[in-house]
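> Quick one: structure below, then a few questions.
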């Protein structure tokens, strides 16, 4: 089992943000995770919130071993060609430690207030499926051409190639079995979803069926979920066992209200 730590990247100074990233790296977490929002999602009133991809680039220079990702990057915020170029840059800056986690976006309040277009769900999902193909194509292909309804590319090349070959792992966060999970089944290296083990075990079975239908080996898609550290550590350990039994290989640990002390206890007991 691998473990990432959600840095809870809102309502804090940059010095605290960077300090948490170094803290997780020193404790031996496999990854650190931020989020792709421009405003705090929780709490009252305005507050500090740093942009996601530039945060990953900064983390790449102050950490050594942890892998870096956003859970998840919203397709609506950047043209997929721009996003692919940003990913390649971060992958090089981090010497191949980037996880590319991608989703169709959902936070309508932020879009409305900042003037970012927020299409209806069907249109967003349609555009997202095109965007995933574009990002992967630009990671791997010279003279890449794509003719979609939402995006069109013509003989496009981005250099250099990513450090990770053929490309950094592509995570797709998805729970909808009609549209988003089939996209994950076709294109994801890692599927992430929220919910308890018994619920996501059934979702995982559904993903396997969808992958088989798409002509992929379901075992090619790693399963990831999220883990609360708020319970006692014995309870956390039992939950980890349940996730392993359900076939999940990666857990993103939420930053607990108790703060660093509890994170350190978890690391000493679980990470060894």
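Residue numbers (my numbering): 132 to 403.
Quick reminder that beta carbons are idealized off the backbone N, C-alpha and C, glycines included.
Just so it is clear, the structure is predicted and the values come from calculations on it, not from any experiment.
1) Less than 9 Å between the C-beta atoms of residue 302 and residue 224, yes or no?
2) Got a sec, what are the start and stop residues for the beta strand (DSSP E) residue 147 sits in?
3) Return the CA-CA distance between residue 319 and residue 338, expressed in angstroms with no decimal places.
4) In this structure, does DSSP put residue 253 in helix, strand or coil?
5) Going residue by residue through the segment 333-388, where are the continuous beta strand (DSSP E) segments of at least 3 residues, counting only ones entirely within it?
6) Could you tell me which of 390, 221, 361 sits nearest to residue 188, measuring between CA atoms?
7) Is residue 290 near the ligand SAM, in the sense that its beta carbon is under 8 Å from a heavy atom of that ligand?
8) Should residue 285 go down as buried or exposed, given a rule of 16 or more other Cβ atoms within 10 Å for buried?
9) Assuming residue 190 is part of the alpha helix (DSSP H), what are its boundary residues?
10) Report the start-end ranges of each beta strand (DSSP E) in the segment 240-327 that is 3 residues or longer and not cut off at the edges.
11) CB residue 402 to CB residue 166, shorter than 9 Å?
12) Taking just the CA atoms, how far does residue 241 sit from residue 168?
13) How should residue 323 be labelled, buried or exposed, when 16 other C-beta atoms within 10 angstroms of its C-beta is the threshold for buried?
14) CB residue 271 to CB residue 287, shorter than 9 Å?
In short, the structure shows the following:
1) no
2) Not the beta strand (DSSP E): residue 147 falls in the alpha helix (DSSP H), residues 145-158.
3) 11 Å
4) helix
5) 353-358, 381-384
6) 221
7) For the structure depicted, the ligand SAM is absent and the ligand set is empty, with no information on it obtainable.
8) exposed
9) 183-193
10) 275-278, 283-287, 301-304, 321-323
11) no
12) 8 Å
13) buried
14) no
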